[in-house]
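Chemist: Attaching a single structure in structure tokens format; questions to follow.
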Amino acid sequence: MSADLQRWRLILGPAAERSTGGLNAENAGRDAALDWLYGRDDDLGKRDVRRGGARDSDDRRGGDEASIVTTVDWLDSIHKLFPKDTIERLERDAIERYQIHDVLTDPDVLARIEPNPALLKAVLQTKHLMNPAVLNAARRIVEEVVRQLVEKLSVQVRTVFTGSRNRKPSFHRRARDFDLKRTLKSNLKHYRPEDRQVAIERPHFHSRTSKRLEQWQLVLLVDQSGSMTSSVIHSAVTAACLYALPGLKTHLVAFDTSVVDMTSEVDDPVELLMKVQLGGGTDIAKAVDYAAGLIENPRRSIVALITDFYEGGSESRLVHTTKQLCEQGTQFLGLAALDEEANPSYDRNLAKRMADVGAHIGAMTPSHLVEFVAERLGT
Numbered sequence: 320m321s322a323d324l325q326r327w328r329l330i331l332g333p334a335a336e337r338s339t340g341g342l343n344a345e346n347a348g349r350d351a352a353l354d355w356l357y358g359r360d361d362d363l364g365k366r367d368v369r370r371g372g373a374r375d376s377d378d379r380r381g382g383d384e385a386s387i388v389t390t391v392d393w394l395d396s397i398h399k400l401f402p403k404d405t406i407e408r409l410e411r412d413a414i415e416r417y418q419i420h421d422v423l424t425d426p427d428v429l430a431r432i433e434p435n436p437a438l439l440k441a442v443l444q445t446k447h448l449m450n451p452a453v454l455n456a457a458r459r460i461v462e463e464v465v466r467q468l469v470e471k472l473s474v475q476v477r478t479v480f481t482g483s484r485n486r487k488p489s490f491h492r493r494a495r496d497f498d499l500k501r502t503l504k505s506n507l508k509h510y511r512p513e514d515r516q517v518a519i520e521r522p523h524f525h526s527r528t529s530k531r532l533e534q535w536q537l538v539l540l541v542d543q544s545g546s547m548t549s550s551v552i553h554s555a556v557t558a559a560c561l562y563a564l565p566g567l568k569t570h571l572v573a574f575d576t577s578v579v580d581m582t583s584e585v586d587d588p589v590e591l592l593m594k595v596q597l598g599g600g601t602d603i604a605k606a607v608d609y610a611a612g613l614i615e616n617p618r619r620s621i622v623a624l625i626t627d628f629y630e631g632g633s634e635s636r637l638v639h640t641t642k643q644l645c646e647q648g649t650q651f652l653g654l655a656a657l658d659e660e661a662n663p664s665y666d667r668n669l670a671k672r673m674a675d676v677g678a679h680i681g682a683m684t685p686s687h688l689v690e691f692v693a694e695r696l697g698t
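Take a look at the structure:
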């Protein structure tokens, strides 16, 4: 049976075996793993799709493989049988689509699972279900994914806030400022035809414009309702990366129907995320009132409100406070999403009312927020 026929058999299911032939042992294992997860889809019956032929729907088999019984077994199988991007998709579907919570409540499962952003999101949504031993195991996922996110964003923050290149040469030899074009031009006379190489006797480097930041204040207001989980994660990471910048005083405030100032934990995003309580109602007006009370110099302040704009409190009070902040010179930024995809889902009517009184409304990735802050600080 050719590789193409094997793939078609995996796609079309057991009913196609009369045309494609059976699966080899490895692909039978893949079929069993896929069936264990997607065979529980209620929509299959409605569409008369029979993943496993005439067997009982609770006996999840694939080909000649033994039944995959536990989530641990399934995880072991997919890590042996599929590439990394497919594994991440399968794990995400297990958690988000099929609510297989033992992926996040069984220490044995947590020890095997590969940390990724989807799992971090799921940990934050289900950590209230975990006993202390399981929560300690889940912390590994939080730490690893946060480390990756901080590492990535920190590079962007340094690029934005450490100065841009100009055409002037520099005597400071730093790899990131290496001037390839000028170096090649000035060393062409040292070209060695026999080796087809240019001998670099004198490398050249760019200089950078200096950055002098005057004191500014940034207040990040983060809606911690369940639908905003991704934005909560990236807000914590963004605040941690901005917190240590000279000339910028950063606050991080989480809210639902109450307001919690988490600035004291902003330099430890892992601990901060482990303390966040997702879910509940939303009182955006109360949070914006709190932010207004933090402002020290209105004309050197930015309030970044990260929410879906579905207000459970007073919309009129929210719009009124927003208008006051904008009129006094504070930069007010309303974000419907803050994550790597920045796909917004929000109450457009309330967002428009806030835009009408001077707020900037949109959706941003963390790197775009960093650029916005840098522009306002005059860097």
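Following our numbering, the numbering of the sequence shown begins with 320 at its first residue and continues without gaps. Glycine included, every Cβ here is placed at the ideal spot set by N, Cα and C.
Please state whether the Cβ-Cβ distance between Ser453 and Leu438 is less than 9 Å.
Modeler: Indexing the sequence shown from 1 puts residue 453 at position 134. Indexing the sequence shown from 1 puts residue 438 at position 119. In the sequence as displayed, the identity of residue 453 is Val instead of Ser. Cβ distance not < 9 Å, so Val453 and Leu438 don't count as in contact.
Chemist: Taking all protein chains shown into account, decide if Asp627 is buried (16 or more other Cβ within 10 angstroms of its Cβ) or exposed.
Modeler: To locate residue 627, count along the sequence shown from 1; it is residue 308. A residue is called buried when at least 16 other Cβ atoms come within 10 angstroms of its Cβ; Asp627 meets this threshold and is buried.
Chemist: Taking just the CA atoms, how far does Gly348 sit from Gly332?
Modeler: Locating residue 332 in the sequence shown gives position 13, where the first residue counts as 1. Locating residue 348 in the sequence shown gives position 29, where the first residue counts as 1. C-alpha separation (whole angstroms): 13 Å.
Chemist: Going by other Cβ atoms of all chains shown within 10 Å of its Cβ, with 16 needed for buried, is His509 buried or exposed?
Modeler: Along the sequence shown, read from residue 1 onward, the residue named residue 509 stands at position 190. Result: exposed.
Chemist: Between His398 and the rest of its own chain, which residues show a CB-CB distance below 7 Å, the 5 nearest in sequence each way excluded?
Modeler: For the purposes of this step, residue 398 is taken as residue 79 along the sequence shown, with counting starting at 1. Hits under 7 Å: Ile406.
Chemist: I'd like to check one pair, Val551 with Gln543: are the Cβ atoms closer than 9 Å?
Modeler: Position 224 of the sequence shown, counting from 1, holds the residue named residue 543. Position 232 of the sequence shown, counting from 1, holds the residue named residue 551. Contact: yes.
Chemist: Take Ala457 as the anchor and find which of Lys471, Arg477, Gln467 and Thr424 has the nearest alpha-carbon.
Modeler: Counting from one through the sequence shown, the residue named residue 457 turns up at place 138. Ranking the options by Cα distance to Ala457, first place goes to Thr424.
Chemist: Measuring CB atoms only, is the segment 510-519 touching the segment 607-621, in the sense that at least three cross pairs come out at less than 8 Å?
Modeler: no
Chemist: Helix, strand or coil, according to DSSP, for Ile614 in the structure here?
Modeler: Taking the sequence shown and counting its residues from 1, the one referred to as residue 614 is at position 295. The answer is coil: DSSP assigns Ile614 none of H, G, I, E or B.
Chemist: Taking the continuous alpha helix (DSSP H) assigned at Gln650, which residues delimit it?
Modeler: Looking up residue 650 in the sequence shown gives position 331. Here Gln650 belongs to no alpha helix (DSSP H); instead the beta strand (DSSP E) covers Gln650 to Leu657.
Chemist: Pick out whichever of Thr641, Ile603 and Asp608 has its Cα sitting closest to the Cα of Ala631.
Modeler: Locating residue 631 in the sequence shown gives position 312, where the first residue counts as 1. Looking at the sequence shown, residue 631 is not Ala but Gly. The shortest C-alpha separation from Gly631 is found at Ile603.
Chemist: Would you kindly work out how many angstroms separate the C-alpha atoms of Ser686 and Ala656, rounded to a whole number?
Modeler: Within the sequence shown, numbered from 1, the residue matching residue 686 stands at position 367. Within the sequence shown, numbered from 1, the residue matching residue 656 stands at position 337. Approximately 13 Å, taken between the alpha carbons.
Chemist: What number of angstroms, rounded off, separates the C-alpha of Arg636 from the C-alpha of Ala670?
Modeler: Numbered from 1 along the sequence shown, position 317 holds the residue referred to as residue 636. Numbered from 1 along the sequence shown, position 351 holds the residue referred to as residue 670. When rounded, the distance between both Cα atoms is 14 Å.
Chemist: Rounded C-beta distance between Val589 and Val461? I'm assuming under 8 Å.
Modeler: As a working mapping, residue 589 is identified with position 270 in the sequence shown. As a working mapping, residue 461 is identified with position 142 in the sequence shown. So it is a contact: roughly 5 Å between Cβ atoms.
Chemist: Compute the distance between the beta-carbons of Lys568 and Leu537, then report whether it is under 9 Å.
Modeler: Position 249 of the sequence shown holds residue 568. Position 218 of the sequence shown holds residue 537. A contact, by the Cβ cut-off of 9 Å.
Chemist: Where does Thr389 land, buried or exposed, given buried means 16+ other C-beta within 10 angstroms?
Modeler: The residue given as residue 389 occupies position 70 in the sequence shown. Per the 10 Å Cβ criterion, exposed.
Chemist: Helix, strand or coil: how does DSSP classify Phe628 here?
Modeler: The residue labelled residue 628 in the question sits at position 309 within the sequence shown. Reduced to three states, the DSSP call for Phe628 is coil.
Chemist: Determine the extent of the beta strand (DSSP E) in which Leu571 is found, giving its start and end residues.
Modeler: Here residue 571 is taken as the residue at index 252 of the sequence shown, counted from 1. It spans Leu567 to Phe574 - the beta strand (DSSP E) in which Leu571 sits, taken as one unbroken run.
Chemist: For the beta strand (DSSP E) containing Ile330, name the first residue and the last one.
Modeler: On the sequence shown, residue 330 is found 11 positions in, with the first residue counted as 1. That residue, Ile330, is in no beta strand (DSSP E); its alpha helix (DSSP H) goes Ala322 to Leu331.
Chemist: Quick one: what's got a C-beta closer than 8 Å to Asn506's C-beta in the same chain, skipping five residues either side?
Modeler: Looking up residue 506 in the sequence shown gives position 187. Taken in chain order, the residues that qualify are Val517, Ala518, Ile519, Glu520 and Arg521.
Chemist: Is Tyr510 helix, strand or coil by DSSP?
Modeler: As a working mapping, residue 510 is identified with position 191 in the sequence shown. Here Tyr510 sits in strand by DSSP.
Chemist: Which of helix, strand or coil does DSSP assign to Ile460?
Modeler: Counting from one through the sequence shown, the residue named residue 460 turns up at place 141. Secondary structure of Ile460 (DSSP, three-state): helix.
Chemist: Of all the options Leu561, Pro402, Leu400 and His679, which has the alpha carbon lying nearest to the alpha carbon of Glu470?
Modeler: Residue mapping note: residue 470 aligns to position 151 of the sequence shown, counting from 1. The residue with the shortest Cα to Cα distance from Glu470 is Leu561.
Chemist: Once the 5 residues before and after Glu690 are set aside, which same chain residues still bring their CB inside 7 Å of it?
Modeler: Reading the sequence shown from its first residue, position 371 is the one you call residue 690. Within the same chain, Glu690 has close Cβ partners Val479.
Chemist: Short check: CB of Glu463 to CB of Pro426, under 9 Å?
Modeler: Indexing the sequence shown from 1 puts residue 463 at position 144. Indexing the sequence shown from 1 puts residue 426 at position 107. It is not a contact, given that the beta carbons lie outside the stated cut-off.
Chemist: Is there a C-beta anywhere in chain B that falls below 9 Å from the one on Gly632?
Modeler: Note that chain B does not occur in the displayed structure, where there is just one protein chain.
Chemist: Report buried or exposed for Arg328, applying the criterion of at least 16 other Cβ atoms within 10 angstroms of its Cβ.
Modeler: Working through the sequence shown from its first residue, we reach residue 328 at position 9. By the neighbour-count rule (16 or more Cβ atoms within 10 Å), Arg328 is buried.
Chemist: Using the C-alpha atoms, what's the distance from Ala334 back to Arg379?
Modeler: Within the sequence shown, residue 379 is the residue found at index 60, counting from 1. Within the sequence shown, residue 334 is the residue found at index 15, counting from 1. Note that Arg379 scores 39 on pLDDT, short of 50, meaning its location in the model is unreliable; the coordinates nonetheless yield the value given after this. Spanning the two alpha carbons is a distance of roughly 16 Å.
Chemist: Where does the unbroken alpha helix (DSSP H) through Gly348 begin, and where does it stop?
Modeler: Numbered from 1 along the sequence shown, position 29 holds the residue referred to as residue 348. First-last of the alpha helix (DSSP H) with Gly348: Ala344 to Tyr357.
Chemist: Only counting the same chain, and skipping five residues up and downstream in sequence, which positions put a Cβ closer than 6 Å to that of Gly341?
Modeler: Within the sequence shown, residue 341 is the residue found at index 22, counting from 1. None.
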